[in-house]
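*Asks:*
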Amino acid sequence: MTNWIELRDPSGQRRIPLTGDRVSIGKAPENDVVAAGDGTASRLHAVLERYASGWSIRDLGSRNGTYVNGEPITAERALRPGDEITIGETRFVFRAEVAATRSDTALEPATSGTIAADPAPDITRREHDVLLELCRPVLGGSLLTEPSSVREIADALVVTESAVKKHLGRLYDKFTLLDEADRRRGKLAAAAIRRGAVTLGDLRSKARGPDPS
Numbered sequence: 003m004t005n006w007i008e009l010r011d012p013s014g015q016r017r018i019p020l021t022g023d024r025v026s027i028g029k030a031p032e033n034d035v036v037a038a039g040d041g042t043a044s045r046l047h048a049v050l051e052r053y054a055s056g057w058s059i060r061d062l063g064s065r066n067g068t069y070v071n072g073e074p075i076t077a078e079r080a081l082r083p084g085d086e087i088t089i090g091e092t093r094f095v096f097r098a099e100v101a102a103t104r105s106d107t108a109l110e111p112a113t114s115g116t117i118a119a120d121p122a123p124d125i126t127r128r129e130h131d132v133l134l135e136l137c138r139p140v141l142g143g144s145l146l147t148e149p150s151s152v153r154e155i156a157d158a159l160v161v162t163e164s165a166v167k168k169h170l171g172r173l174y175d176k177f178t179l180l181d182e183a184d185r186r187r188g189k190l191a192a193a194a195i196r197r198g199a200v201t202l203g204d205l206r207s208k209a210r211g212p213d214p215s
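Numbering (this note's numbering), first residue to last: 3 to 215.
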C-alpha cells in the first residue's frame, strides 16, 4: 500500500510520501513534515500514526487546532483517502492507494482493495479559487447539480469573464479535458471533486473566513 499527503501552498502542490509508523507535523525544522513559514502552526502541531488498518491523525495541543474536512478534531481520527487536513494555514490532502494483486490460482479474478482516484494536478491558488466557485453548487448540493457559470464565477471573484475563461482553459488542460466538447464545466467540476482538488472542507473554510488569530 502506498500512502502520501499532498501539501498545498501558494506555489502549488507537493507530494510527501508517508514512511515509518509516525509522522510529526509542525513549523519546527525537526518535524518530519515542516509547515515552513506558517506562523499559525505550532512548533509540534499534530502527528500522523500508522495502524494495521490505516492512518490516523491526532492534534498535539496546538494553539489553533487541527481540522479534517473543515471540522476541528478533539481526539484521534482515522483518515480516509481524500480527507483534507488543515494545520494553521497549511493544507494537506491524505492519499492512499492499494495495488491490485493476482489470485494464487491465476484462474480467479484479480482481487484488490479500493484504488484511489488519480491525484489532482498541480494548480495555483487562483486556479483553486476558480475551481471552488465552479464547484460551489455541486459541493452544496449533489453531483447532478449544475456548476457555476462563467459569469457567476467572475462575479464571485470580482474579475472579468475573460480572466475566468483563461483560468478554465488552463484547468481543462491540467485535467486533460481538452478533447471534451460538451459540458466541460460539469466534467471539470466532477473531476476536481473526484480527485480532491476541491473538498467540502474548502467550502466550509471559505464560508468561515480567515482565522482572526
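Glycine residues also receive a C-beta, built at the ideal position from the N, C-alpha and C atoms.
Since Ser-58 sits in a beta bridge, which residues does DSSP pair it with?
*Replies:* The partner list for Ser-58 (beta bridge, DSSP) reads Glu-51 and Ala-80.
*Asks:* Is Thr-21 helix, strand or coil when you go by DSSP?
*Replies:* Thr-21: coil per DSSP, three-state reduction.
*Asks:* Measuring CB to CB, does Arg-45 end up less than 8 Å from Gly-28?
*Replies:* Yes. Within cutoff.
*Asks:* Ends of the alpha helix (DSSP H) at Glu-163?
*Replies:* Element bounds for Glu-163: 163-176.
*Asks:* By a C-beta neighbour count over all protein chains shown, 10 Å radius and 16 as the cutoff for buried, is Gly-39 buried or exposed?
*Replies:* So Gly-39 counts as exposed.
*Asks:* Using the Cα positions of Ala-199 and Leu-134, report the straight-line distance between them to the nearest angstrom.
*Replies:* Those two C-alpha atoms are separated by around 9 Å.
*Asks:* Near Thr-68, what residues of its chain come up, given a Cβ to Cβ distance below 6 Å and the 5 sequence neighbours on each side ignored?
*Replies:* Result list for Thr-68: Ala-48, Asp-61, Ile-75 and Ile-89, in chain order.
*Asks:* Would you tell me roughly how many angstroms separate the C-alpha atoms of Trp-57 and Arg-82, rounded to the nearest one?
*Replies:* When rounded, the distance between both Cα atoms is 8 Å.
*Asks:* Please list, in chain order, all residues of the same chain as Ala-191 whose beta carbon is under 7 Å from its beta carbon, the five residues on each side excluded.
*Replies:* Result list for Ala-191: Leu-136, Cys-137, Val-140 and Pro-149, in chain order.
*Asks:* Quick one: give me the first and last residue of the alpha helix (DSSP H) that Glu-154 is part of.
*Replies:* That run of the alpha helix (DSSP H) goes 152-159.
*Asks:* Select from Ala-54, Ala-43, Asp-85 and Ala-77 the residue whose C-alpha is nearest the C-alpha of Asn-66.
*Replies:* Per the Cα distances, Ala-43.
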